[in-house]
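Scroll down for the structure; my scribbles are underneath it.
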Amino acid sequence: MSASEADSLVLRLDGFEGPLDLLLDLARAQKVDLAKISILALVEQYLAVIEGARRIRLELAADWLVMAAWLAWLKSRLLVPDSPEAEEGELAADVLAARLRDLSAIRAAAVWLGARPQLGQDVFARGAPEDHTEIDRSRLALDVGSLMRAYLQAMRRQVRTRRYQPRQLTLWTVKDALQRLGVLLGSLPDWTSLERFLPDGIGSPTERRAALASTLLAGLEMARGGAIRLRQEEAFGPILVRSAAGGVEEGA
Amino acid sequence: MTEEEALRLAEALVFASAAPVGARALSQLLPQNMDADAVLAALRERYAGRGVELVEAGGGVQFRTAADLAPLLRKVIEVPRRLPRVAMETLAIIAYHQPVTRPEIEEIRGTGLSQQTLDALLEANLIAPKGRRETPGRPTLWGTTPEFLTQFGLKDLRELPRREDLLLEPIAASPSREAGEGSEALATDH
Amino acid sequence: MTEEEALRLAEALVFASAAPVGARALSQLLPQNMDADAVLAALRERYAGRGVELVEAGGGVQFRTAADLAPLLRKVIEVPRRLPRVAMETLAIIAYHQPVTRPEIEEIRGTGLSQQTLDALLEANLIAPKGRRETPGRPTLWGTTPEFLTQFGLKDLRELPRREDLLLEPIAASPSREAGEGSEALATDH
Numbered sequence: 001m002s003a004s005e006a007d008s009l010v011l012r013l014d015g016f017e018g019p020l021d022l023l024l025d026l027a028r029a030q031k032v033d034l035a036k037i038s039i040l041a042l043v044e045q046y047l048a049v050i051e052g053a054r055r056i057r058l059e060l061a062a063d064w065l066v067m068a069a070w071l072a073w074l075k076s077r078l079l080v081p082d083s084p085e086a087e088e089g090e091l092a093a094d095v096l097a098a099r100l101r102d103l104s105a106i107r108a109a110a111v112w113l114g115a116r117p118q119l120g121q122d123v124f125a126r127g128a129p130e131d132h133t134e135i136d137r138s139r140l141a142l143d144v145g146s147l148m149r150a151y152l153q154a155m156r157r158q159v160r161t162r163r164y165q166p167r168q169l170t171l172w173t174v175k176d177a178l179q180r181l182g183v184l185l186g187s188l189p190d191w192t193s194l195e196r197f198l199p200d201g202i203g204s205p206t207e208r209r210a211a212l213a214s215t216l217l218a219g220l221e222m223a224r225g226g227a228i229r230l231r232q233e234e235a236f237g238p239i240l241v242r243s244a245a246g247g248v249e250e251g252a
Numbered sequence: 253m254t255e256e257e258a259l260r261l262a263e264a265l266v267f268a269s270a271a272p273v274g275a276r277a278l279s280q281l282l283p284q285n286m287d288a289d290a291v292l293a294a295l296r297e298r299y300a301g302r303g304v305e306l307v308e309a310g311g312g313v314q315f316r317t318a319a320d321l322a323p324l325l326r327k328v329i330e331v332p333r334r335l336p337r338v339a340m341e342t343l344a345i346i347a348y349h350q351p352v353t354r355p356e357i358e359e360i361r362g363t364g365l366s367q368q369t370l371d372a373l374l375e376a377n378l379i380a381p382k383g384r385r386e387t388p389g390r391p392t393l394w395g396t397t398p399e400f401l402t403q404f405g406l407k408d409l410r411e412l413p414r415r416e417d418l419l420l421e422p423i424a425a426s427p428s429r430e431a432g433e434g435s436e437a438l439a440t441d442h
Numbered sequence: 443m444t445e446e447e448a449l450r451l452a453e454a455l456v457f458a459s460a461a462p463v464g465a466r467a468l469s470q471l472l473p474q475n476m477d478a479d480a481v482l483a484a485l486r487e488r489y490a491g492r493g494v495e496l497v498e499a500g501g502g503v504q505f506r507t508a509a510d511l512a513p514l515l516r517k518v519i520e521v522p523r524r525l526p527r528v529a530m531e532t533l534a535i536i537a538y539h540q541p542v543t544r545p546e547i548e549e550i551r552g553t554g555l556s557q558q559t560l561d562a563l564l565e566a567n568l569i570a571p572k573g574r575r576e577t578p579g580r581p582t583l584w585g586t587t588p589e590f591l592t593q594f595g596l597k598d599l600r601e602l603p604r605r606e607d608l609l610l611e612p613i614a615a616s617p618s619r620e621a622g623e624g625s626e627a628l629a630t631d632h
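Chains as they are written, first to last, in this note's numbering: chain A, 1 to 252; chain B, 253 to 442; chain C, 443 to 632.
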């Protein structure tokens, strides 16, 4: 490579993609098979280019200088014949040649790819494809696991609600029972168990027994007034109640 | 440009365009002496009776799957819906407490039950009325259907985990327990 | 189903689809005794030389406009910018060495990989992360996408030329800077 060639390369340095790119370019300029290039000649050319850049005080990125230093080391090894150092140098030269071949192969692959008709560039697919798929959302995704989680969630929220609105232990008073019996009496079809008149949502057995007692007292009170009739078939059997208005008379 | 070349060009243009192609758009690519309408008419003729046909649409022409083939190409993708959380909770309560009335469900959930939720479960054929409770007001009793079992892949209701296995400690019974479990519930719910 | 009917059906199926259609998808629509590959081959023959052609790409077949019509079609169809040389080289490295890490890519090119290049390849959906290498630092591994095959009209990755074949004529196959083409390629990069 003549001095002027090296100078023109210096001017184009920022057109290269790093030191390896320049090395490959120099190797190609040798116009031989990459397997047979002279690494020593390559090294000298690279160092000449870097020297040229220094001469015109071109600012070079660190990787250019790192490569220059490494190549200078390589050159010194290659120049000492028949020594362990030369062997080391030849190994390093082989590595460099292999890297250049790799890069060269990639360059060729990129060119090969770029030469293919590209979709959206050179060839075009259908601009308005048709979609014949239909989404059917009629089926339900159900599994026992989510059913269980939902149940637990409901039960837990119940607890939380109670925690925030603590319910007093309500004792169903005789007055409450009287009012309830009075309201519900009209809807009585026939003899009905007294227990049916207990309020909804009684929690504990204690509350229930208290409510039953109150309701019985209220029933007795109303029966005494003649509004209802009470009946018990056997001792400790269910106490039945019905409205006094209408219906067939039976023993009280 | 030969007539055949014009036809090729029109074919490619209509194919690649996202929108219908009018005669004017085509004529921009054709030599002056060529009639774009005639080229499109020839193209339509060429595709007549084929799997794809040239049809008029939105001020131009467009390729479209032949009507008789569309049903064959139709692919139905099932995307099963999830039940809303409220509906799932209601369903779970009905499953465990059946037969159960609406006020009872509301009592258990601690909040009102919308007609919409009930309707959704009825529509999905997961619940059905099971008579009425013979109490004042005669409220409807709700229970699950055989369809419920099928949908959840259960042989019968006994295959559901027992309540005792789910609620390891009776939730409402002891007040001291309530506090502990309450905060735990808060943590997991949110 | 007659052969002509099968051809119509295949034509409609491939025409409608936005992505390449595999022989298996077609065979699901054909009677058992019909060979989907044979039908697609007949379809390809029918469209040979037309404005729209059937090509193999990305594990299936797809209709595409004929390459020779591109100069005319580009006048009316908007075309994205071509990938710069740096991006093409990076793509080639990923295609050949996948799964590959960023330091490995940089080692092969002998220079850093810019964010801009990575973004351009990701944006074009040509590459995708393929997990991480279980080495210190756990660097991301990169590979090509199915869209890579589709975009470059490749059946599969095995269609890429072998490395040995690429090296056979390294000078002829590569852009030669001496011929002035190099400076042109450089100009598009920056």
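For glycine and all other residues, C-beta sits at the position ideal for the given N, C-alpha and C. Quantities reported herein were computed from a predicted structural model and do not represent experimental measurements.
Residue nearest to C/T587 within the set C/D598, C/R524, C/Q504, C/A460 is C/D598 (criterion: CA-CA distance). The C-beta distance from C/G500 to C/T592 rounds to 4 angstroms, short enough to meet the 8 angstroms contact threshold.
Judged by DSSP in its simplified three-state form, B/P381 adopts strand.
Residues of chain A with a Cβ closer than 7 angstroms to the Cβ of C/I535 are, in chain order, I106. Under the Cβ distance rule, A/E59 does not count among the residues neighbouring chain C, no pair being separated by less than 8 angstroms. Contact annotation: A/W112 and C/P603 have beta-carbon atoms nearer than 8 angstroms. In the same chain as C/A537, and ignoring 5 residues on each side of it, the C-beta atoms closer than 8 angstroms to its own belong to T586, F590, L599, L602, in chain order.
The beta carbon of A/L47 sits closer than 8 angstroms to those of A68, L71, A72, K75, all from its chain and outside the five residues before and after it, given in chain order. At a Cβ-Cβ threshold of 8 angstroms, A/L171 and A/A210 count as neighbours.
In this structure, the beta-carbon distance from A/L22 to A/V43 does not fall below 8 angstroms.
Legend: CB atoms of the region 110 to 122 of chain A lying less than 8 angstroms from CB atoms of chain C belong to residues A110, V111, W112, L113, G114, R116, P117, Q118, L119, G120, Q121, D122. Using a Cβ-Cβ cut-off of 8 angstroms, A/Y151 is close to E341, A344, I345, A347, Y348, L418 of chain B, given in chain order.
If you draw a straight line from the Cα of A/A115 to the Cα of A/D25, it comes to about 21 angstroms. In the DSSP secondary-structure assignment, A/L230 is bridged to A/V241. For B/Q314, the secondary structure class from DSSP, reduced to helix, strand or coil, is strand. Nearest neighbour of A/D136 by Cα position, chosen from B/R276, B/G405, B/V291, B/E330, turns out to be B/E330.
Excluding its 5 nearest sequence neighbours in each direction, B/A318 has C-beta neighbours in its own chain below 6 angstroms: G303, E305, listed in chain order. The C-beta distance from B/L373 to B/A344 rounds to 11 angstroms, too long to fall under 8 angstroms, and the pair is not in contact.
In the structure shown, C/T532 falls within a helical segment according to DSSP collapsed to helix, strand and coil. The Cβ-Cβ distance between A/L140 and B/A376 falls below 8 angstroms. Legend: CB atoms of the region 304 to 325 of chain B lying less than 7 angstroms from CB atoms of chain C belong to residues V304, F315, T317, A318, L321, L324, L325. Burial check for B/F315: the Cβ neighbour count within 10 Å reaches 16 or more, so the residue is buried. For A/I135, the three-state secondary structure derived from DSSP is strand. One finds L140, L142 in chain A with Cβ atoms closer than 8 angstroms to the Cβ of B/Q403, taken in chain order.
With contact defined as three or more Cβ pairs closer than 8 angstroms, the region 124 to 131 of chain A and the region 258 to 278 of chain B are in contact. For a Cβ distance threshold of 7 angstroms, residue set P129 of chain A lies close to C/S459, ordered along the chain. With a threshold of 8 angstroms between beta carbons, A/L103 makes no contact with chain B.
Here DSSP, grouped into helix, strand and coil, assigns C/A478 to helix. Closest in C-alpha terms to B/D417, from the list A/E51, A/G18, A/L152, comes A/L152. CA-CA distance, B/V273 to C/A467, rounds to 30 angstroms. DSSP, reduced to helix, strand and coil, places B/E305 within a strand of the structure shown. Contacts with chain C at 8 angstroms (Cβ-Cβ) do not include A/G52. Chain-ordered, the chain C residues with CB closer than 9 angstroms to the CB of A/L20 read I550, R551, G552, T553. Distance from the CA of B/L406 to the CA of C/S469, rounded to the nearest whole angstrom, comes to 37 angstroms.
The alpha-carbon of B/H349 is positioned some 16 angstroms away from that of B/L370.
Collapsing the DSSP output to three states places B/E330 in a strand.
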